[in-house]
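J.:
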Amino acid sequence: MLEVQDLKTKYVTKYGEALHAVDGVSLTIEEGKSLGIAGESGCGKSTLALSLMGYYFGQLRYESGRIFVDGNEITGRKPDDIRKNILGSDLAY
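Note that the sequence shown covers residues 1 to 93 in the working numbering.
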């Protein structure tokens, strides 16, 4: 099961301005279920996916919220750790 609680991320411009990309997303995906996300270009679909995997790179920054896979919190864990120990065996993206 994947559970996301009030996830917020932002992009920081070269001028230090914050552009909120994911703003308070909460969701639960039960085992055996899937979720499709659709929307216009630039609405945050890819940013949400990157955030769920812990890929904060360049100007993308984590602000707040929590992410759990099968009850284990993965918020703040390194992407390699998430990929090797959780995503590869329990979750596909």
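We put the CB at the ideal spot given by N, CA and C, even for glycine. Because the structure is a prediction, the values reported are computed rather than measured.
Spell out the partners DSSP gives residue 45 in its beta bridges.
T.: Answer by DSSP bridge pairing: none, since residue 45 is not bridged.
J.: Under DSSP, the beta strand (DSSP E) around residue 6 begins and ends at which residues?
T.: Residue 6 -> beta strand (DSSP E) spans 2-12.
J.: Helix, strand or coil, according to DSSP, for residue 66 in the structure here?
T.: Residue state, collapsed to three classes: strand.
J.: Use the C-beta contact count for residue 21: other C-beta atoms within 10 angstroms, 16 or more gives buried, fewer gives exposed.
T.: It is buried - the Cβ of residue 21 has at least 16 other Cβ atoms within 10 Å.
J.: In whole angstroms, give me the CA-to-CA distance for residue 38 and residue 45.
T.: Roughly 7 Å between the two C-alpha positions.
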